[in-house]
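Okay, so here's the structure we're looking at.
2 protein chains.
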Amino acid sequence: MEKIKCDVLIIGGGPAGGVAAVTAKMNHPNKEILVIREHEVQLVPCAIPYIFGETLGCSEKDVASCGMATDMGISTLIGAIKDVDIENKIAYSALNAISFEKLIFATGSQPFVHESLKHAMILDGVFTVPKNKTLIDLMKAYSDDKSEVVVVGSGFIGVEIALEFASKGKNVTVIGGSKHILQTAFDSEISQEAEDIMLAHGVKYIGKDRVIEIVDKNDDNIVNAVKLQSGLIIDTEVVILATGYQSNTGLALKAGVSLGHYGGIWVDEYMRTENHDIFAVGDCSARRDFITKEPSKVMLASTSAAEGRVAGSSLYDIKYMKGFSGTIAIFSTMIGERAFSSAGVTEDQAKIAGIDVVVGTFTGMNRHPATIPGAQKQQVKLIAMRHGGQIIGGQVVGGVETGEMINLLGFIIESHFDIYRVMSMQVATQPMLTAAPTNYPVVMAAIMATKQIEK
Amino acid sequence: MEKIKCDVLIIGGGPAGGVAAVTAKMNHPNKEILVIREHEVQLVPCAIPYIFGETLGCSEKDVASCGMATDMGISTLIGAIKDVDIENKIAYSALNAISFEKLIFATGSQPFVHESLKHAMILDGVFTVPKNKTLIDLMKAYSDDKSEVVVVGSGFIGVEIALEFASKGKNVTVIGGSKHILQTAFDSEISQEAEDIMLAHGVKYIGKDRVIEIVDKNDDNIVNAVKLQSGLIIDTEVVILATGYQSNTGLALKAGVSLGHYGGIWVDEYMRTENHDIFAVGDCSARRDFITKEPSKVMLASTSAAEGRVAGSSLYDIKYMKGFSGTIAIFSTMIGERAFSSAGVTEDQAKIAGIDVVVGTFTGMNRHPATIPGAQKQQVKLIAMRHGGQIIGGQVVGGVETGEMINLLGFIIESHFDIYRVMSMQVATQPMLTAAPTNYPVVMAAIMATKQIEK
Numbered sequence: 024m025e026k027i028k029c030d031v032l033i034i035g036g037g038p039a040g041g042v043a044a045v046t047a048k049m050n051h052p053n054k055e056i057l058v059i060r061e062h063e064v065q066l067v068p069c070a071i072p073y074i075f076g077e078t079l080g081c082s083e084k085d086v087a088s089c090g091m092a093t094d095m096g097i098s099t100l101i102g103a104i105k106d107v108d109i110e111n112k113i114a115y116s117a118l119n120a121i122s123f124e125k126l127i128f129a130t131g132s133q134p135f136v137h138e139s140l141k142h143a144m145i146l147d148g149v150f151t152v153p154k155n156k157t158l159i160d161l162m163k164a165y166s167d168d169k170s171e172v173v174v175v176g177s178g179f180i181g182v183e184i185a186l187e188f189a190s191k192g193k194n195v196t197v198i199g200g201s202k203h204i205l206q207t208a209f210d211s212e213i214s215q216e217a218e219d220i221m222l223a224h225g226v227k228y229i230g231k232d233r234v235i236e237i238v239d240k241n242d243d244n245i246v247n248a249v250k251l252q253s254g255l256i257i258d259t260e261v262v263i264l265a266t267g268y269q270s271n272t273g274l275a276l277k278a279g280v281s282l283g284h285y286g287g288i289w290v291d292e293y294m295r296t297e298n299h300d301i302f303a304v305g306d307c308s309a310r311r312d313f314i315t316k317e318p319s320k321v322m323l324a325s326t327s328a329a330e331g332r333v334a335g336s337s338l339y340d341i342k343y344m345k346g347f348s349g350t351i352a353i354f355s356t357m358i359g360e361r362a363f364s365s366a367g368v369t370e371d372q373a374k375i376a377g378i379d380v381v382v383g384t385f386t387g388m389n390r391h392p393a394t395i396p397g398a399q400k401q402q403v404k405l406i407a408m409r410h411g412g413q414i415i416g417g418q419v420v421g422g423v424e425t426g427e428m429i430n431l432l433g434f435i436i437e438s439h440f441d442i443y444r445v446m447s448m449q450v451a452t453q454p455m456l457t458a459a460p461t462n463y464p465v466v467m468a469a470i471m472a473t474k475q476i477e478k
Numbered sequence: 024m025e026k027i028k029c030d031v032l033i034i035g036g037g038p039a040g041g042v043a044a045v046t047a048k049m050n051h052p053n054k055e056i057l058v059i060r061e062h063e064v065q066l067v068p069c070a071i072p073y074i075f076g077e078t079l080g081c082s083e084k085d086v087a088s089c090g091m092a093t094d095m096g097i098s099t100l101i102g103a104i105k106d107v108d109i110e111n112k113i114a115y116s117a118l119n120a121i122s123f124e125k126l127i128f129a130t131g132s133q134p135f136v137h138e139s140l141k142h143a144m145i146l147d148g149v150f151t152v153p154k155n156k157t158l159i160d161l162m163k164a165y166s167d168d169k170s171e172v173v174v175v176g177s178g179f180i181g182v183e184i185a186l187e188f189a190s191k192g193k194n195v196t197v198i199g200g201s202k203h204i205l206q207t208a209f210d211s212e213i214s215q216e217a218e219d220i221m222l223a224h225g226v227k228y229i230g231k232d233r234v235i236e237i238v239d240k241n242d243d244n245i246v247n248a249v250k251l252q253s254g255l256i257i258d259t260e261v262v263i264l265a266t267g268y269q270s271n272t273g274l275a276l277k278a279g280v281s282l283g284h285y286g287g288i289w290v291d292e293y294m295r296t297e298n299h300d301i302f303a304v305g306d307c308s309a310r311r312d313f314i315t316k317e318p319s320k321v322m323l324a325s326t327s328a329a330e331g332r333v334a335g336s337s338l339y340d341i342k343y344m345k346g347f348s349g350t351i352a353i354f355s356t357m358i359g360e361r362a363f364s365s366a367g368v369t370e371d372q373a374k375i376a377g378i379d380v381v382v383g384t385f386t387g388m389n390r391h392p393a394t395i396p397g398a399q400k401q402q403v404k405l406i407a408m409r410h411g412g413q414i415i416g417g418q419v420v421g422g423v424e425t426g427e428m429i430n431l432l433g434f435i436i437e438s439h440f441d442i443y444r445v446m447s448m449q450v451a452t453q454p455m456l457t458a459a460p461t462n463y464p465v466v467m468a469a470i471m472a473t474k475q476i477e478k
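Going down the list, the sequences are from chains A and H. Quick note on the numbering used here: the first sequence kicks off at 24 and runs consecutively. Quick note on the numbering used here: the second sequence kicks off at 24 and runs consecutively.
And the structure:
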């Protein structure tokens, strides 16, 4: 067994591990930073759905670049850590014993499959959506000449994959537990709008239902159909289980590191475990919601990157105050020609969490005047505390600019700003790029929210 | 002379006056709000350039809607106020004597023409860019069949009009005083990039020069050429003077209202003049720069709308704290397929104002991975105080999402946030909509700025 010595060992090279490594090297150029990861070639996780349709069309177009890390002098080892001896600060792979000063778990997440469906994973034609090029290539090769697809799960990955399959002319049905698609991120009126566009793109949705059996009629180890709780049976050649992800914590648990809620590794604000030489970042770490303070299951590469940055700046000393405490669920996606985005809590989630909220909505156009070619409808919904008006959630639907508007709303939420503060904000408006100055929708939605408070 | 009585009289119905009226009515539904304006039909000011090219193609497509004001029960009168008797609270038009409790000047601005060129305004083929449909229609009718156009002024209106004329196949030359175009909003490396794209779209730029004479060779009252300080003579059929705007303050001055710097009407934070029953909003009001605290010549419909909102909420009592003190210059525009935007001060302006700054820049792609169809280069430049890192300026170049990214930067500037705060911000990233989570350019530029502080 070869002995290797490094200063900072990072287990996992996804967005969290990669950013942690780069940040650690920036802050400590003289420290030896070693990233160990399992796969030579890594996919950009959020773009995996686009491999299956016309957008990317192959996994080779979705390969993550590691150029920056290599240029900076960060070492990379391909392999799997089997055990970590925290007391003696040594991590073991099959071939190496790696000693370290600081360790960062960035072991990510893997597809979650409900216990009742796990046995069906052995059937040909049944797939999850792992962050693994080999498996994604197999899934693509298998599904390319099939025409009937069932996607189980109506979250972002499920909906994005369904739309890509539909773009190839396949007959696609999405099955989800909630009334409309994407309901963890959107209130039902907006989810319904997304669903209508998805339907117009040829993807059917069966909501308030769930798959109770994945059927192999001919007993030939090839999937034929899914059976739903409602009794419906849907014939299909391919089943994609897009039913969420779960933290990879086996290694940390074996090493005696404590877990937090939902099985993620417990960390403090600076991504430190109880042992301040041991960190965890990304999907393997336990998260709390920024607003509700409840455990959060949200897994986002952008949040992971932010956490990697915090860990990489807090290894030997804490260089910067972390700007946030808790995860803001902040999402965006394209459905057809429309972009949907959400930050913070939805109106429904606020009610479930027992938060007394008001809502302000505004619908206008994303260009001005509305005669500008390509102008689209633009909707903003703000959710604010009834007492004091602090903004705790927002949803935007519009053109591609929506992807950055939600980052404005995210920043407003993260900064604890209220609707009164937003009402007089100065913005840039331009005919070809934004709504009208007189009707900038974030400002207008804030004004509408005040009307709900001040009766 | 007919007597009219109202509670709030607003002189001018542009973005500032219109928003002031709507806000006043929202806050005081029982007050009689009267807007008096000179033109029956009003143009959306920022889209006037797009009337001249392929984008809109006619002024009818650039007409501002007054639907909301009418629906709310706001009265409108077409006419011109000639005199205001502030002591007795009566405004006089040719036909009416209008008594009021509160008065808002929203008299806007008109094209500025240098003294030395004013006499040439009588020539056929010489135009300014007023916010007046009749005059814009005349200019369009005259220029439609001409092929040689000179645009004097390299600000946003000049550049946008030049590009629209070029889209119709005209031969267009822009003449400006600075080395590159748009230099009041961008540092020279970014201005140069904008200029290169403008050139690729067929518009020539002559910088560091100025028009000293508008030439009528044949003495037939038709323009033939412009003569530049450098000695260059450019033959042309049409001359557009896009050399800025000046506040319309004649009426206020005659009424004895004090002016501030640059001739605008002096107002406090709540848009009140020295007399708290008399307000001024929009381009007719005097503005200070948010960062430098120097008088500001920036005239933007978006700032005017924000001011209208503040005035409309501060008429009888101050309902909301104003969120900003001073004007953030916040601009965006499209040049070809690229969007350019700027907020706060540029690096050059900071240096001229004697502010000790550092700069962080980052260039990536606006989609991820870069293989996503339509992905473009995306650049962010942040200007921050060397001591403490407060962000005081930002420039973004990229796709159409740029128009909303600058609003995020504007909000960061307005909120006095620093680069350290931005480094761990949570954002939404999505392949079809944004940069990669690991390289979100606003965060990366903030990190680059820290490297300039922490040597």
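Virtual Cβ for every residue (Gly too), placed ideally from N, Cα, C.
Nearest C-alpha to Gln449 of chain H among A:Gly349, A:Val466, A:Ile378: A:Gly349.
Within the DSSP bridge table, the entry for Ile33 of chain H names H:Val58, H:Ile127 as partners. Within the model, the alpha-carbon separation for Leu222 of chain H versus Gly200 of chain H is close to 17 angstroms. For Asp371 of chain A, the enclosing alpha helix (DSSP H) has its first and last residue at 370 to 375. Contact of Val42 of chain A with chain H by beta-carbon distance below 7 angstroms involves Thr461. When secondary structure is reduced to three states using DSSP, Ile109 of chain A falls in the coil class, being assigned neither helix nor strand. Nearest Cα to Asp147 of chain H within the set H:Ala393, H:Val262, H:His391: H:Val262.
Proximity of Val226 of chain H to chain A, defined by a Cβ-Cβ separation below 8 angstroms, is not satisfied. With contacts defined by Cβ atoms closer than 8 angstroms, Tyr268 of chain A and Ser132 of chain A form a contacting pair. Any Cβ of chain A closer than 8 angstroms to the Cβ of Tyr165 of chain H would place that residue at the interface, and such an atom is absent. It is roughly 16 angstroms from the alpha-carbon of Ala143 of chain A to the alpha-carbon of Ile256 of chain A. For Asp258 of chain A, the enclosing beta strand (DSSP E) begins and ends at 256 to 258. At least 8 angstroms separates the CB of Pro52 of chain A from every CB of chain H.
Burial is judged here by how many other beta carbons sit within 10 angstroms of a residue's own beta carbon; Gly359 of chain H has fewer than 16 and is exposed. Tyr293 of chain A sits in coil when the DSSP states are folded into three classes, being neither helix nor strand. Sequence-distant partners of Met91 of chain H (beyond 5 residues in either direction) whose C-beta falls short of 8 angstroms from its own C-beta, in its chain, are Val45.
Taking 9 angstroms as the upper bound on Cβ-Cβ separation, chain H lies near no residue of the region 148 to 172 of chain A.
In terms of Cβ geometry, Asn111 of chain A and Gly335 of chain A do not form a close pair [threshold 8 angstroms].
Going by DSSP, Glu216 of chain H is part of the alpha helix (DSSP H) stretching over 211 to 223. By the Cβ neighbour-count rule, Ser281 of chain A is exposed, with fewer than 16 other Cβ atoms within 10 Å of its own. Each residue's CA atom was taken as its position, placing Ile71 of chain H and Ala458 of chain A some 15 angstroms apart. Here Met388 of chain A is bridged, per DSSP, to A:Lys400. Within chain H, the C-beta atoms nearer than 8 angstroms to that of Lys345 of chain A come from Ser447, in chain order.
Ranked by Cα distance from Ser82 of chain H, the first of H:Phe123, H:Met162, H:Ser116 is H:Met162.
Residues of the region 73 to 106 of chain A with a C-beta atom less than 9 angstroms from some C-beta of chain H are Tyr73, Glu77, Thr78, Leu79, Glu83, Lys84, Asp85, Val86, Ala87, Ser88, Met91, listed in chain order.
Each of A:Gly178, A:Thr326, A:Ala43, A:Val195 was checked against the Cα of Glu437 of chain A, and the nearest Cα belongs to A:Thr326.
Its Cα nearest to that of Glu187 of chain H, the residue H:Ser166 stands out among H:His203, H:Ser166, H:Ile145.
Residue contact check for Arg332 of chain H against chain A: a CB pair falls below 8 angstroms.
Pairwise C-beta distances place the region 115 to 122 of chain A in contact with the region 26 to 43 of chain A, as three or more of them are shorter than 8 angstroms.
Within the same chain, Cβ atoms closer than 7 angstroms to the Cβ of Arg332 of chain A are found at Val42, Thr46, the five residues on either side in sequence being excluded. Judged by DSSP in its simplified three-state form, Ser447 of chain A adopts coil rather than helix or strand.
In this structure, Ser170 of chain A sits away from Glu61 of chain A, with a CB-CB distance that is not shorter than 8 angstroms. For Gly346 of chain H, no alpha helix (DSSP H) segment is defined, and its DSSP state is neither H nor E. Using a 10 angstroms sphere on the CB of Glu218 of chain H, the tally of other CB atoms reaches 16 or more, which defines it as buried. The C-beta distance from Gly40 of chain A to Gly279 of chain A rounds to 21 angstroms, too long to meet the 8 angstroms contact threshold. Collapsing the DSSP output to three states places Phe150 of chain H in a strand.
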